[in-house]
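K.L.:
In our numbering, the protein residues as written are 5 to 139.
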């Protein structure tokens, strides 16, 4: 069974969408072991239960695991999806509000202008940790 790790799996929108999209490919429907990992036990458990319910309701025989141990989730993974937002939605809001306070009206705060720079400064060190764990 092919293992796919999802870092930041406590994100219900991204994780459920990724799992649904992957399982919609007939060749993957019954042959994937999803390994979820997140820093929030509460969010991780919620998303795990919802995805498990979705899979059972559709007769999917792929498997799910959920752990707070990122390295365990990554072990032997063939593919890795990263859906983390370092700092959460509070930091995202600041990425928009702070530049706006200084007259920089950006339509998105995560990939461009001052907000994108702040987001990158928070995210790059964490992404480098993920890369070290994967290699």
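Every residue gets a Cβ at the ideal spot worked out from N, C-alpha and C, and that includes glycine.
Within 10 angstroms of the Cβ of residue 103, are there 16 or more other Cβ atoms? Answer buried if so, exposed if not.
P.N.:
Counting Cβ neighbours within 10 Å, residue 103 comes out buried, since at least 16 surround it.
K.L.:
State the Cα-Cα distance for the pair residue 61 and residue 40, rounded to the nearest angstrom.
P.N.:
Going by the C-alpha atoms only, they are around 20 Å apart.
K.L.:
Would residue 11 and residue 134 be called neighbours here (beta carbons separated by less than 8 Å)?
P.N.:
It is a contact, given that the beta carbons lie within the stated cut-off.
K.L.:
Could you spell out the range, first to last residue, of the beta strand (DSSP E) harbouring residue 27?
P.N.:
Taken as a continuous stretch (DSSP letters only), residue 27 belongs to no beta strand (DSSP E), being part of the alpha helix (DSSP H) at 16-27.
K.L.:
Tell me whether residue 62 sits in a helix, a strand or coil according to DSSP, three-state version.
P.N.:
Reduced to three states, the DSSP call for residue 62 is coil.
K.L.:
Report the residue from 139, 17, 20 and 15 whose alpha carbon sits nearest the alpha carbon of residue 83.
P.N.:
Comparing Cα-Cα distances from residue 83 to each of 139, 17, 20 and 15, the minimum goes to 139.
K.L.:
Secondary structure at residue 32, three-state DSSP: helix, strand or coil?
P.N.:
Coil at residue 32, not helix or strand.
K.L.:
Between 50, 129 and 6, which has its C-alpha nearest residue 65's C-alpha?
P.N.:
When each option's Cα is compared against that of residue 65, the closest is 6.
K.L.:
Looking at C-beta atoms only, is the number of pairs between the region 64-81 and the region 105-120 that lie closer than 8 Å three or more?
P.N.:
Counting Cβ pairs under 8 Å, fewer than three are found: no touch.
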